[in-house]
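Anchor point for the sequence shown: position 150 equals 177 in this note's numbering, and the numbering is continuous, going up by one each time.
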Amino acid sequence: MAPWPWTARHLAGDEVRTRIVPWAVASPLVVVGVIALLLRLLVGPPSAGTLLSVLAGGVVSAVLLLYLSIQAADRIDEEGRHRQDTLDAARRQALHDPLTDLGNRQLFSDRLQHALARRGSHACAVLYLDLDSFKTINDVHGHAAGDTVLVEVANRLRAAVRPEDTVARFGGDEFAVLCEDLTDELNASRIADRVVSSISDRPVVTTGGREITVTPSVGIALARDEADASKLLRRADAALYRAKEGGKARSELFDERMQAQAVDTLQTEDDLSLAVAQGQLRLHYQPIVDLADGHVQGVEALLRWQHPRRGLLQPADFLPLAERSGLIVSIGAWVIAEAWRTLEGWYAEAGDDCRLTVSVNISSRQLANGELLDAIALAQPSGPAASALLVEVTEELLVADAKAGFSTLHALRTMGVRVGVDDFGRGVSSLSHLQSMPVDHVKVDRHFIAGLGLHRQDEAVVAGIIGMAKNMGVGVIAEGVETPDQLATLRRLGCDAAQGFLLGYPSPGLDLDRAVHPGPDGALHGVLDLDVSSVLPDAVPTASV
Ligand SMILES: [Mg+2]
């Protein structure tokens, strides 16, 4: 029922009510007064009947006016409420995560800044957490199950912290908790321990009735005098990293040791951002040998960093940092351009007989970034055909984001670039995925190659990958080949090509003679000390990589 106009004043219709209602109430008296005055002037005093009928007319018009004003006011109220609701929903959407209904990064940052600005003698802490091996849950159980886990983790997080704490989801499986007004710094660790146990203690049950056990790692950073919001988050991230290194499913408090490491990381990041511009990056090329005749069919370009103080650094020393900071995109573009430039040099030197290929490794950021296609298009204005360029992505990466990854790989193949899958066999569903992958070759993971001659199951896996790949017209390269036995087994199994210390170390240059004009058995003869034709008289595989 509509509220009585002069007792319930609210929202936008209020103005209509306050203006019209007094007029409506007064209108019968005004009408009667005006008509009485007119009659008195024209024909003398009105009769009681005339006055009554005029009064009745005035009352009817007043009621009508009242009714219309209430309708108009309600309509205005309704529109106002609707506008307010829409505004509230938009505001909420901008600050909340739609899946879990927790706050998002923006909301968390606002609250954190506010908390830091107004904190007095009480401590304030940030807990930063993610789920251990969450990607595997998505890989094995599917994204719907992954979402169920995230929603349940959000609920348990809410229940584990104090009511006044702010819980947010930053995206993926990353969450953060802001704890204000801590009377004791130890309280932050206690809350973190509660978070770990509430998530780890019992499995999450998905809609299909499956039970998934999940554990979080938590990094804790306490706000000290100088802490600002972004610094505090970085510290919590560093502590989280340490918790992961320390065995996962645990919490770790940011301390001075981490502080020193964080400074070191920042310094390395600064150095790395200059490395491309100052020409400190290098490519070393490891030969990939055709197992049919032993000639070098191509090289894999491997990144090194000639650091001005620390010497020659391996990818493991700086690539994770490059990934995290986003520098990998510009470094990756440099690798492509430099590898192509080197290849053009070799083609110019060796002449038309040259069939060398160069493989470059692509990271997840590059794969998700459209700039990869631009970088390749830019690097190949002339010279060897596009098919001399091979890009390698890890299988893990393809499975993690198959949709985006596959579309980039399809685009690359349309450009004529060939695509390979690195570390193949390590993933959870390799063989089933191979059929759908837009690839030209796979590189069998070195773990299985190391097991050749030692573990029967490794040989079975390698044989399975080779058999399946060949059925699909996909080439097979073995990586990490270090002994003649491994090489002989690979040849017996029909592997197309191989690389590893046995066949050649990564180096800044390449013996072009060996690549372009191989001897009768090429590199193999030396390392196997065998006559190739006596090993495989009929089944020498043709190179398809
Ligand atoms: Mg590789």
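Backbone N, C-alpha and C define an ideal beta-carbon position, used for all residues, glycine too. From a predicted model like this one, the values you see are computed outputs, not experimental measurements.
### Query
Hey, how far is the Cα of E422 from the Cα of F451?
For this step, residue 422 is matched to residue 395 along the sequence shown. For this step, residue 451 is matched to residue 424 along the sequence shown. The alpha-carbon atoms of E422 and F451 are separated by roughly 6 Å.
### Query
What residue from I164, D344, Q462 and V245 has the CA that sits closest to S216's CA?
Against the sequence shown, residue 216 aligns to sequence position 189. For the residues I164, D344, Q462 and V245, the minimum Cα distance to S216 belongs to V245.
### Message
Quick check on DSSP: helix, strand or coil for G338?
### Response
Residue 338 sits at position 311 when you count from the first residue of the sequence shown. The answer is strand: DSSP assigns G338 an E or B state.
### Query
Can L520 and V508 be called in contact, C-beta distance under 9 Å?
Working through the sequence shown from its first residue, we reach residue 520 at position 493. Working through the sequence shown from its first residue, we reach residue 508 at position 481. Not a contact, by the Cβ cut-off of 9 Å.
### Task
Consider the C-beta atom of S386 and the heavy atoms of ligand 1; say whether any pair is separated by less than 8 Å.
Translated into positions along the sequence shown, residue 386 becomes position 359. Flag set: Cβ of S386 near ligand 1.
#### Entry: Between the CA atoms of P55 and A89 - distance to the nearest angstrom
As a working mapping, residue 89 is identified with position 62 in the sequence shown. As a working mapping, residue 55 is identified with position 28 in the sequence shown. Straight-line Cα distance between these residues: approximately 6 Å.
### Query
When burial is assigned at 16 or more other CB atoms within 10 Å of the CB, is A144 buried or exposed?
Residue 144 sits at position 117 when you count from the first residue of the sequence shown. With fewer than 16 other Cβ atoms within 10 Å, it is exposed.
### Task
Classify V503 as buried or exposed, calling it buried when 16 or more other Cβ atoms lie within 10 Å of its own Cβ.
Counting from 1 along the sequence shown, the entry for residue 503 is found at position 476. By the neighbour-count rule (16 or more Cβ atoms within 10 Å), V503 is buried.
#### Entry: Exposure of L479, with buried meaning 16 or more beta-carbon neighbours within 10 Å
Reading the sequence shown from its first residue, position 452 is the one you call residue 479. L479 comes out buried.
### Task
Taking 9 Å as the cut-off, decide whether the C-beta atoms of W373 and Q407 are in contact.
Start at 1 with the first residue of the sequence shown, and residue 373 comes out as number 346. Start at 1 with the first residue of the sequence shown, and residue 407 comes out as number 380. Contact: no.
### Message
Measuring only the C-alpha atoms, how far is D101 from L79?
### Response
As a first step, residue 101 must be located in the sequence shown, where it is residue number 74. As a first step, residue 79 must be located in the sequence shown, where it is residue number 52. Roughly 33 Å separates the two Cα atoms.
### Message
If I follow the unbroken alpha helix (DSSP H) through R368, where does it start and stop?
### Response
In the sequence shown, residue 368 corresponds to position 341, counting from 1. Looking at the DSSP string, the run of the alpha helix (DSSP H) that includes R368 is I355 to A377.
### Query
Exposed or buried, which one is W50 when buried takes at least 16 other CB atoms within 10 Å?
Taking the first residue of the sequence shown as position 1, residue 50 is located at position 23. Flag for W50 reads exposed.
### Task
Give the C-beta separation of V58 and G76 to the nearest angstrom, bearing in mind that I take them to be a contact with Cβ-Cβ under 8 Å.
For the purposes of this step, residue 58 is identified with residue 31 of the sequence shown, where counting begins at 1. For the purposes of this step, residue 76 is identified with residue 49 of the sequence shown, where counting begins at 1. Not confirmed; about 16 Å, so no contact.
### Task
Less than 8 Å between the CB atoms is what I'm expecting for G632 and V471, so what's the real figure, rounded?
Residue 632 lies beyond the stretch modelled for the chain, which goes from 28 to 572, so this question has no answer here.
### Task
Determine the DSSP secondary structure at P314, reduced to helix, strand or coil.
By one-based count along the sequence shown, residue 314 stands at place 287. Of the three classes helix, strand and coil, the one that applies to P314 here is strand, per DSSP.
### Query
Where are the alpha helix (DSSP H) runs, 4 residues long or more, that stay fully inside the stretch 115-148, in chain order?
132-145
### Query
Does the separation of the CB atoms of E279 and A270 fall below 9 Å?
Locating residue 279 in the sequence shown gives position 252, where the first residue counts as 1. Locating residue 270 in the sequence shown gives position 243, where the first residue counts as 1. Contact: yes.
### Task
Could you check the C-alpha separation between L134 and R196 for me, to the nearest Å?
Along the sequence shown, read from residue 1 onward, the residue named residue 134 stands at position 107. Along the sequence shown, read from residue 1 onward, the residue named residue 196 stands at position 169. In a straight line, the C-alpha of L134 is about 10 Å away from that of R196.
### Task
Indicate the three-state DSSP secondary structure (helix, strand or coil) for H482 in the structure shown.
Locating residue 482 in the sequence shown gives position 455, counting from the first residue. Coil at H482, not helix or strand.
### Query
DSSP on Y155, reduced to helix/strand/coil?
For the purposes of this step, residue 155 is taken as the residue at position 128 of the sequence shown. Note: Y155 maps to strand in three-state DSSP.
### Query
Would you say E423 touches ligand 1, meaning its beta carbon is less than 8 Å from a heavy atom?
Counted from its first residue, the sequence shown places residue 423 at position 396. Result no, Cβ not under 8 Å from ligand 1.
### N-terminal and C-terminal residue of the beta strand (DSSP E) that I504 is part of
The sequence position of residue 504 within the sequence shown is 477, counting from 1. Counting along the chain, the beta strand (DSSP E) containing I504 begins and ends at G502 to A505.
### Query
When DSSP labels each residue in this structure, what does E201 get in the three-state scheme?
Counted from its first residue, the sequence shown places residue 201 at position 174. E201: strand per DSSP, three-state reduction.
#### Entry: Buried or exposed by the 16-neighbour rule on C-beta atoms within 10 Å, applied to P125
In the sequence shown, counting from the first residue as 1, residue 125 sits at position 98. Answer is exposed; the Cβ neighbour count stays below 16.
### Message
Using the Cβ count rule (16 or more neighbours within 10 Å means buried), how would you classify S560?
### Response
In the sequence shown, residue 560 corresponds to position 533, counting from 1. Residue placement at S560 is poorly supported in this model, since its pLDDT is 46, which falls under 50; the coordinates are not used for a value here.
### Task
Could you tell me the distance, in whole angstroms, from the CA atom of E506 to the CA atom of A525?
Numbered from 1 along the sequence shown, position 479 holds the residue referred to as residue 506. Numbered from 1 along the sequence shown, position 498 holds the residue referred to as residue 525. C-alpha separation (whole angstroms): 6 Å.
### Message
So V385 and L417 are supposed to be a Cβ contact under 8 Å. How far apart are they, rounded?
### Response
Within the sequence shown, numbered from 1, the residue matching residue 385 stands at position 358. Within the sequence shown, numbered from 1, the residue matching residue 417 stands at position 390. Yes, V385 and L417 are in contact; Cβ-Cβ is about 7 Å, under 8 Å.
### Message
Spatial neighbours of L563 within its chain, please: C-beta separation below 7 Å, excluding the five flanking residues on both sides.
### Response
Stepping through the sequence shown from its first residue, residue 563 is reached at position 536. Its pLDDT being 41, under 50, L563 is placed unreliably by the model, and the measurement read from it follows with that caveat. Hits under 7 Å: R518.
### Query
Under the rule that 16 or more other beta-carbon atoms within 10 Å means buried, what is T569, buried or exposed?
Counted from its first residue, the sequence shown places residue 569 at position 542. A caution first: T569 carries a pLDDT of 36, below 50, which makes its placement in the model too unreliable to give a value.
#### Entry: Three-state class that DSSP yields for D255 in the structure shown
Looking up residue 255 in the sequence shown gives position 228. Reduced to three states, the DSSP call for D255 is coil.
### Message
Which residue marks the beginning of the alpha helix (DSSP H) containing R445, and which one marks its end?
### Response
Position 418 of the sequence shown holds residue 445. Not the alpha helix (DSSP H): R445 falls in the beta strand (DSSP E), residues R445 to F451.
### Query
Is the CB-CB distance between A412 and G443 below 9 Å?
Along the sequence shown, read from residue 1 onward, the residue named residue 412 stands at position 385. Along the sequence shown, read from residue 1 onward, the residue named residue 443 stands at position 416. Contact flag set, yes.
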